[in-house]
Amino acid sequence: MNTPNPNLLPFSPAELEHYCFELKTKPQSFKMGRRLFQFRQGQSVYWLKAQQRDAHPQLSAGFCRELDFYRQFQQADAPDFLLPFYCAQNTEILRIQQESFQDYLIVPDAPAFFALAPSQFSLSQIQTRLLQVLDSLEQLTRLGYLHADLKVEHWREWAGQVKLIDFEQLQAIDDPLMSNMTATPRYMAPELFHGEAKTLASDLYALGIIIYEWLTQRRLQAKSYQDWAYLHCQQLKIELPAAYLGFQDLLEVMLNKQKSQREVSFFALKTLLSTENA
Numbered sequence: 001m002n003t004p005n006p007n008l009l010p011f012s013p014a015e016l017e018h019y020c021f022e023l024k025t026k027p028q029s030f031k032m033g034r035r036l037f038q039f040r041q042g043q044s045v046y047w048l049k050a051q052q053r054d055a056h057p058q059l060s061a062g063f064c065r066e067l068d069f070y071r072q073f074q075q076a077d078a079p080d081f082l083l084p085f086y087c088a089q090n091t092e093i094l095r096i097q098q099e100s101f102q103d104y105l106i107v108p109d110a111p112a113f114f115a116l117a118p119s120q121f122s123l124s125q126i127q128t129r130l131l132q133v134l135d136s137l138e139q140l141t142r143l144g145y146l147h148a149d150l151k152v153e154h155w156r157e158w159a160g161q162v163k164l165i166d167f168e169q170l171q172a173i174d175d176p177l178m179s180n181m182t183a184t185p186r187y188m189a190p191e192l193f194h195g196e197a198k199t200l201a202s203d204l205y206a207l208g209i210i211i212y213e214w215l216t217q218r219r220l221q222a223k224s225y226q227d228w229a230y231l232h233c234q235q236l237k238i239e240l241p242a243a244y245l246g247f248q249d250l251l252e253v254m255l256n257k258q259k260s261q262r263e264v265s266f267f268a269l270k271t272l273l274s275t276e277n278a
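With the UniProt record's numbering applied, the sequence shown covers 1 to 278.
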């Protein structure tokens with residue numbers, strides 16, 4: 001007797017068509033064929049993501065990339081950083097609000113991992129949470145991937161564990177050449193503004209920005225792409241509240257403006273994190 005895969009949500013197209021879906025797609029994304037729906041099953045809330053085929057080549061390619069990533073874990077153990085999920089099989093057709101979808105992804109609604117201010121935690125708890133974040137990113141790199149689009153909203157919490165979402169920009173570590181590179185200026189490492197490819201160093205820089213903004217409870221500000229480039233390449237100076245100065249050295253090595261001097265060893269980062277606030 002086969003044991004159900006605990007990573008998979010037990011949905012089916014026939015069952016899904018009975019739910020009430022609420023469209024949550026942003027208007028600009030909707031025009032490009034993206035569909036994001038929210039629905040409920042009892043007390044549980046879920047998200048369904050789909051993409052109209054041929055509506056927008058770049059969005060379609062990213063969505064296919066994400067589906068391929070999830071599908072490799074349908075018959076195998078999923079890494080700890082993945083939410084439970086349901087991926088449609090290519091033969092399944094789902095009809096929602098007079099549209100048909102052959103490819104779609106469902107995950108549960110999960111709280112933002114960085115939603116609570118650090119003041120809600122002890123230093124030891126902050127340390128533990130950041131170690132979990134580093135562990136999850138290390139797992140992804142051990143699978144051979146860069147996330148390549150780390151943002152604060154892509155870190156979620158589920159069953160007491162940190163989770164990662166949105167793998168549309170995913171790329172193989174050993175294949176860094178990506179055309180039409182997309183990135184969010186807030187989280188861009190300095191070298192990306194100079195046209196260099198994304199690497200583990202740029203992923204860790206983005207994570208450093210996320211951690212820095214969380215610890216300071218202050219979002220970096222810039223009005224244009226050029227302003228963001230100046231901020232990251234020249235202006236950024238790490239200034240932590242006195243209570244969190246123990247994380248200064250960690251952020252200094254994650255946010256070094258020189259890629260060659262940025263720490264990319266997870267062992268070194270976790271060791272630094274473990275000893276700074278000991």
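Ideal Cβ placement from N, Cα and C applies to all residues, glycine included. Everything numeric in this text was worked out from a predicted model, so none of it was measured.
Minimum Cα-Cα distance from Trp155 among the listed residues Arg53, Ala112 and Val45 corresponds to Ala112. When only Cα atoms are considered, Glu17 and Ala55 end up about 23 Å apart. About 11 Å separates the beta carbon of Leu269 from that of Glu276, a gap too long to meet the 8 Å contact definition.
Contact between Leu67 and Met32 does not hold, since their C-beta atoms are separated by about 17 Å, which reaches or exceeds 8 Å. The stretch 171 to 235 is shown to contain no whole beta strand (DSSP E) run of 3 or more residues. Counting only the Cα atoms, Phe247 lies some 15 Å from Ala117. Linking Pro57 to Glu168 through their CA atoms gives a straight-line distance of about 13 Å. When DSSP reads this structure, Cys87 sits in a beta bridge with Leu105. In terms of CA proximity to Pro190, Ala229 leads the group Gln127, Arg40, Ala229 and Leu94.
Assigned with DSSP and collapsed to three states, Ile93 falls in coil, not helix or strand. A contact between stretches requires three or more CB pairs, one per stretch, nearer than 8 Å, and the stretch 5 to 24 meets this requirement with the stretch 69 to 82. Here Ile210 is buried: its Cβ has 16 or more other Cβ atoms, across all protein chains shown, within 10 Å. Around the Cβ of Asp103, a 10 Å sphere holds 16 or more other Cβ atoms; the residue is buried. Counting along the chain, no alpha helix (DSSP H) covers Arg35; the unbroken beta strand (DSSP E) around it starts and ends at Arg34 to Gln41. Ranked by how close their Cα comes to the Cα of Pro13, the residues Lys24, Pro84 and Phe101 have Phe101 in first place.
With fewer than 16 other beta carbons inside 10 angstroms of its own, Lys237 counts as exposed. The three-state secondary structure of Tyr19, taken from DSSP, is coil. In terms of Cβ geometry, Leu83 and Trp158 form a close pair [threshold 8 Å]. Under the three-state reduction of DSSP, Arg129 is assigned to helix. For Ala110 against Lys163, the beta-carbon gap comes to about 6 Å, under 8 Å, which counts as contact. Per DSSP, reduced to three states, the secondary structure at Glu168 is coil, with no helix or strand assignment. Nearest to Pro185 by alpha-carbon distance, out of Ser224, Glu213, Gln217 and Glu153, is Ser224.
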